[in-house]
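Heads up: the structure comes next, in structure tokens.
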Amino acid sequence: MVTSTFKQLDTSKMPKQRRFMESTKKELMYSGSFGAGKSRIGCEKGLFLSLKYPGNKGLIIRKTFASLRLTTMDTWTRYVCAPYLIQSFSMETHICKLTNGSEVLFIGLNDSPERIGSLEVGWIFIDEAIEFTEDDYVMLQGRLRYNLVPFRQLFSATNPASGQHHLYRRFYLEKDDDREVIEANSLDNPYNPQDYTDNLMKLKGRYRDRYVLGKWVGYEGLVYDIVDPLELIVAPFEIPSHWQRWASIDFGYTNPFVHQWWTKVPDNEETEELHGYYMYREIYLAHHTIDRLAPKIKSFQDPVELTYSDHDAEDRATLEERGIPTDLADKAIGPGIQTVYELFGEHQIHIFDGANIETDEYLSEKNRPTCTAEEFANYRWSDSKTNANAKEIPVDKDNHGMDAMRYFFHSLLGQGEPQHVMAKSRSNQDVLVVIGQRNWGKELNRRNWRKF
Ligand SMILES: Nc1ncnc2c1ncn2[C@@H]1O[C@H](COP(=O)(O)OP(=O)(O)OP(=O)(O)O)[C@@H](O)[C@H]1O
Ligand SMILES: [Mg+2]
């Protein structure tokens, strides 16, 4: 029985998909942002060529089989290729044989490079083509030599990357009549659920340009250019009471005052989904005195082990009087950024969606960031034309959440000046201990050490 998910594709609301389907260029690319309908139209085109030329051979490929199975292959079996068209689908070879004699092969390039060497196919659909090197791409082109069909085509779908990417050069800069690129963006696809579109609309700056509008823009100059915005923001969850918690402060009045609360998954409780550090709450408010802010901070009564703070003596003293003791943060800019950057590389930093407790209307009206998450896309190194040390210092603007985050991680984990602490020895004697800064806050608390 043909189920409703296998209705013939209606491209009337998506004319770019239609153009992609009808193009006979030898090399074709659908360039689009998140949810722009790329995988769907690539699979549909593959099915069309398989049905039009009985006995055809097609290849659907991504960089890894794991990602192919979860995305493109799922689209194929769920929406595109109706069961009545399939004669067999081997879960071992990943070959889908159609009743008209055509075959479609699903491969992850990294997992089965040897299978590709001897292939001869009539069409290839590369999904997420930016993951492929130029060598991979050219090698695949060489597999397109199945001569039992009169027409062969290589088509790909991809999120945009930077303007330096080889696919950008190939499709945009080199003039070649055998190639065509079709551009679409997330907003072109009326079939995306509203909440999905709403979430995408929260992305700002260059992330928005690339992932929502589908532009080929680079992250050159961005300090945290490796951050994947969709991985950074996570759905909130209840934090178990035994997890450690810390806080971090960047003072400000004209600029926002930022107070972040952080926690960490204990090492022995880490899972693939849950790992590293989570900023679970923040205050991000301009034009608030410490007197007004202190009760807000106190109201949460979080058992934070330490609050790392910016160095303003008066503000720190006021907080202390209100029962919020702080420790001086290690504010070194370069090494601090390095510490944070490395953690991003290890996928250790996350922020709860909606962590900010209150949106500052003034900042919002001025179109400035209203929370830490919104600062990433514009936090960049200063321009080399105006500053001789350009690469070493980020532009000092809308960076207050960035600073608080850096204070936290670098004070907790950085290799700063050694600290002198008084510790209780096993025989309960007070001893002076000198330790590097890495983890010292944690140790201090756990072993009942006191700072000297
Ligand atoms: N013409 C269409 N008619 C009906 N549904 C469509 C159409 N095109 C796309 N869709 C649906 O829209 C959703 C997003 O499409 P698709 O997965 O192809 O987007 P994508 O650009 O590959 O997304 P991603 O960036 O996540 O890889 C899917 O559920 C898909 O089935
Ligand atoms: Mg896709």
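Anchor point for the sequence shown: position 20 equals 73 in this note's numbering, and the numbering is continuous, going up by one each time.
Glycine included, every Cβ here is placed at the ideal spot set by N, Cα and C.
- Task: Return helix, strand or coil for proline 506, following the three-state DSSP convention.
- Result: Since the first residue shown for the chain is 54 and the last is 505, residue 506 is missing from the structure and cannot be characterised.
- Query: Since glycine 267 sits in a beta bridge, which residues does DSSP pair it with?
  - Reply: Position 214 of the sequence shown holds residue 267. Looking at the DSSP assignment, glycine 267 forms no beta bridge with any residue, so it has no partner.
- Can you have a look at histidine 400 and say buried or exposed, based on whether 16 or more other CB atoms are within 10 angstroms of its CB? The count along the sequence shown starts at 1 and reaches residue 400 at position 347. Under this definition histidine 400 is an exposed residue.
- Task: Measure the beta-carbon distance from phenylalanine 73 to leucine 81 and round it to whole angstroms, keeping in mind my assumption that it falls under 8 Å.
- Result: Here residue 73 refers to the residue found at position 20 of the sequence shown. Here residue 81 refers to the residue found at position 28 of the sequence shown. Right, their Cβ atoms sit about 7 Å apart.
- Item | Closest by C-alpha distance to serine 103, when choosing among Val133, Ala214, Gly88 | On the sequence shown, residue 103 is found 50 positions in, with the first residue counted as 1. It is Val133 whose Cα lies nearest to the Cα of serine 103.
- tryptophan 434 - partner residues in DSSP beta bridges: Translated into the one-based positions of the sequence shown, residue 434 becomes position 381. According to DSSP, tryptophan 434 bridges with Pro447.
- Message: Taking only three categories from DSSP, how would you classify cysteine 134?
- Response: Within the sequence shown, residue 134 is the residue found at index 81, counting from 1. Residue state, collapsed to three classes: coil.
- Message: Relative to the C-alpha of glycine 90, which candidate in Thr64, Asn409, Lys105 has its C-alpha closest?
- Response: Counting from one through the sequence shown, the residue named residue 90 turns up at place 37. Answer by Cα proximity: Thr64.
- Environment of glycine 387 [buried if 16+ CB atoms lie within 10 Å]: The residue given as residue 387 occupies position 334 in the sequence shown. The residue in question, glycine 387, is exposed, as its Cβ has fewer than 16 Cβ neighbours within 10 Å.
- Message: Which residues end up in the neighbourhood of ligand 2 when you take C-beta atoms closer than 7 Å to any of its heavy atoms?
- Response: Lys91, Ser92, Thr124, Thr125, Asp180, Glu181, Ala210
- Run of the alpha helix (DSSP H) containing lysine 91, from where it starts to where it stops: For the purposes of this step, residue 91 is taken as residue 38 along the sequence shown, with counting starting at 1. Its alpha helix (DSSP H) spans residues 91-105.
- Nonlocal neighbours in the same chain, by C-beta distance under 7 Å from leucine 138, ignoring five residues either side: Here residue 138 refers to the residue found at position 85 when the sequence shown is read from its first residue. Cβ within range, chain order: Leu151, Thr152.
- Task: Compute the distance between the beta-carbons of threonine 211 and isoleucine 183, then report whether it is under 9 Å.
- Result: Locating residue 211 in the sequence shown gives position 158, where the first residue counts as 1. Locating residue 183 in the sequence shown gives position 130, where the first residue counts as 1. Closer than 9 Å, so yes.
- Task: Could you tell me which residues DSSP puts in a beta bridge with isoleucine 235?
- Result: What you label residue 235 is simply residue 182 of the sequence shown in a count that begins at 1. DSSP, once it has assigned bridges, lists Tyr83 as partnering isoleucine 235.
- Item | ligand 1 heavy atom lying under 8 Å from the CB of glycine 161 | The residue given as residue 161 occupies position 108 in the sequence shown. No, the Cβ of glycine 161 stays beyond 8 Å of every heavy atom of ligand 1.
- Message: So, at 8 Å on beta carbons, what are the nonlocal neighbours of aspartate 406 in its own chain, with the 5 sequence-adjacent residues on each side left out?
- Response: Here the question's residue 406 lines up with position 353 in the sequence shown. Only Ile286, Val287, Ala288, Pro289 meet the Cβ criterion.
- Task: Please work out which residues of its chain come closer than 7 Å, Cβ to Cβ, to arginine 369, disregarding the five sequence neighbours upstream and downstream, and give them in chain order.
- Result: In the sequence shown, residue 369 corresponds to position 316, counting from 1. Here the set comprises Ser362, Thr379.
- Task: Take the Cβ of valine 191 as the centre, count every other Cβ of all protein chains shown within 10 Å, and call the residue buried at 16 or more, exposed below.
- Result: Counting from 1 along the sequence shown, the entry for residue 191 is found at position 138. Under this definition valine 191 is an exposed residue.
- In the DSSP assignment, what are the bridge partners of cysteine 424? Residue mapping note: residue 424 aligns to position 371 of the sequence shown, counting from 1. Note: cysteine 424 sits in no beta bridge, so no partner.
- Message: Please determine whether the Cβ atom of alanine 89 lies at a distance below 8 Å from any heavy atom of ligand 1.
- Response: Translated into the one-based positions of the sequence shown, residue 89 becomes position 36. Under cutoff, so the answer is yes.
- Item | Closer than 8 Å: aspartate 67 CB and nearest ligand 1 heavy atom | Walking along the sequence shown from the start, residue 67 turns up at place 14. Before going further, note that residue 67 is methionine rather than aspartate in the sequence given. True, at least one ligand heavy atom lies under 8 Å from that Cβ.
- Item | Close beta carbons around glycine 274, own chain, < 6 Å, minus the five adjacent residues each side | The residue given as residue 274 occupies position 221 in the sequence shown. For glycine 274, where only same-chain residues beyond five positions count, the Cβ hits under 6 Å are Arg433, Trp434.
- Message: I'd like the ranges of any alpha helix (DSSP H) spanning at least 4 consecutive residues and lying wholly in the stretch 265-307.
- Response: 282-285
- For the 8 Å Cβ check, are there 3 or more pairs between the stretch 409-424 and the stretch 289-305? no
- Item | Exposure label - glutamate 374; buried when at least 16 CB within 10 Å | The residue labelled residue 374 in the question sits at position 321 within the sequence shown. Under this definition glutamate 374 is an exposed residue.
- With distances taken from CA atoms, which of Ile279, Arg198, Glu156, Leu207 is nearest serine 215? Here residue 215 refers to the residue found at position 162 when the sequence shown is read from its first residue. Of the candidates Ile279, Arg198, Glu156, Leu207, the one whose C-alpha sits nearest the C-alpha of serine 215 is Ile279.
- Query: What separation, rounded to the nearest whole angstrom, lies between the Cα atoms of threonine 128 and proline 243?
  - Reply: On the sequence shown, residue 128 is found 75 positions in, with the first residue counted as 1. On the sequence shown, residue 243 is found 190 positions in, with the first residue counted as 1. The straight-line gap from Cα to Cα measures roughly 17 Å.
- Query: Can you list, in chain order, the residues of its chain whose CB lies under 6 Å from that of tyrosine 106, leaving out five sequence neighbours each side?
  - Reply: As a position in the sequence shown, residue 106 is number 53, starting the count at 1. So the list reads Val202, once near-sequence residues are dropped.
- Query: How many Å lie between serine 165 and cysteine 149 at the Cα?
  - Reply: Numbered from its first residue, the sequence shown carries residue 165 at position 112. Numbered from its first residue, the sequence shown carries residue 149 at position 96. Serine 165 and cysteine 149: Cα-Cα distance of roughly 17 Å.
- Starting from the C-beta of leucine 372, find all residues in its chain whose C-beta is less than 7 Å away, skip the five residues before and the five after it, and write them out in chain order. Counting from one through the sequence shown, the residue named residue 372 turns up at place 319. The answer, listed in chain order, is Ile343, Ala347, Thr379.
- Can you check whether the CB of threonine 124 is closer than 9 Å to the CB of serine 86? As a position in the sequence shown, residue 86 is number 33, starting the count at 1. As a position in the sequence shown, residue 124 is number 71, starting the count at 1. Going by C-beta atoms, serine 86 is not nearer than 9 Å to threonine 124.
- Residue ranges of each alpha helix (DSSP H) within the stretch 351-386, 4 or longer: 366-374
- Query: Closer than 8 Å: is that where the CB of threonine 186 sits relative to any heavy atom of ligand 1?
  - Reply: The residue labelled residue 186 in the question sits at position 133 within the sequence shown. The answer is no for threonine 186.
- Item | Any beta strand (DSSP E) of 3 or more consecutive residues that is wholly inside the stretch 130-209 | 139-142, 148-151, 156-161, 176-180
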